[in-house]
Amino acid sequence: MDVIKVAENNIEHEHICCAISDQKSAGAKKEWMKGCFGDGYEFRKLEGRGKAFVEFVPAENAWAPVEADGYLFIDCFWVAGAHAKQGYGTALLAECINEAKRLGRKGLVAVSSDKKRPFLSDPRFLIKKGFIVADSAPPYFRLLYLPFDENAEVPKFRQNAKNGNIQEQGIVIYYTDHCPWNIKYIPLLEKIAEERNAPLTVRKIENKTEAQNAPSPFSTYSVYYNGEFLTNEMFSGKKFIKFLDEKGF
């Protein structure tokens with residue numbers, strides 16, 4: 001199966017694997033992508049419909065709080081549904097490796113976790129492919145890297161992302177337009193919180209500088225409650241209502 005590079009010349013007619021039938025959500029992600037192409041960002045996917053894609057960018061330009069100069073940063077890396085267990089993940093990873101070597105990068109780096117978790121690169125798969133744990137951040141984040149030279153500098157999380165907490169109380173959500181589902185669910189959560197008189201603060205990260213200074217290793221979406229990190233998994237309306245019920249709102 002062929003790999004397609006989604007770029008400025010074809011982004012208007014190529015789907016981006018997520019929110020395929022939701023033009024508003026996909027459109028927001030595409031606008032975000034357009035703003036990142038100039039920084040070396042790339043989106044590569046398998047032809048056809050479905051979720052089988054990888055995003056990467058020079059780590060200096062990553063929307064993530066990492067210190068990994070000279071590496072290629074893997075952003076979202078997802079192979080699911082009918083594409084799973086077909087060797088496509090290995091093929092997409094090879095795309096990253098080949099591009100990193102072509103660009104003269106030190107290797108690859110990715111934000112992952114202690115075990116397979118939603119929206120984060122699968123650590124079992126990456127470690128099987130030779131990735132090494134470079135750093136960690138509470139409560140479960142791991143920074144994995146694949147150096148091309150054993151003497152390459154080890155990347156790390158920026159200090160601002162290693163505390164695991166923030167000063168603000170109540171429910172605080174940090175997010176970007178990197179994930180197309182945010183444009184659908186963030187307004188829904190705001191509406192529910194208003195109806196329930198729940199203390200919700202939403203903070204949209206607008207650029208890579210803000211993302212690199214974010215309090216969570218996963219700037220795409222992170223939830224805090226009373227100052228403590230809660231989850232990077234997106235709340236649906238039902239899950240958010242259940243959470244509010246548990247907290248007495």
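Take 1 as the starting number for the sequence shown in UniProt numbering and just add one per residue. For each residue, glycine too, the CB sits at the ideal point set by N, CA and C.
Each of N98, R102, A94, N151 was checked against the Cα of L126, and the nearest Cα belongs to A94.
Membership of F77 in the beta strand (DSSP E) is indicated by the continuous run 72-79. Beyond the five residues adjoining it in sequence on each side, I183 comes within less than 6 angstroms, by CB distance, of S25, A28 in the same chain, given in chain order. D177 is not bridged by DSSP to any residue. Straight-line measurement puts the Cα of E14 at about 33 angstroms from the Cα of F157. In the DSSP assignment, T231 is bridged to V223.
Taking C-beta separations shorter than 6 angstroms and ignoring five residues to either side along the sequence, the partners of F240 in its chain run L189, I192, following chain order. Nearest to R203 by C-alpha distance, out of E195, P215, P139, R196, is P215. Annotated three-state conformation of L146 is strand, per DSSP.
Nearest C-alpha to A137 among K129, G164, P199, V66: G164. With contacts defined by Cβ atoms closer than 7 angstroms, N232 and Y221 form a contacting pair. Contact between A64 and Q169 does not hold, since the beta-carbon distance rounds to 26 angstroms and is not under 8 angstroms. In chain order, V54, F56, L72, I74, L108 place their CB closer than 7 angstroms to the CB of C96, counting only its own chain and leaving out the 5 sequence neighbours on each side. Cβ neighbours of I4 within its own chain (closer than 6 angstroms, five residues either side excluded): K45, E47.
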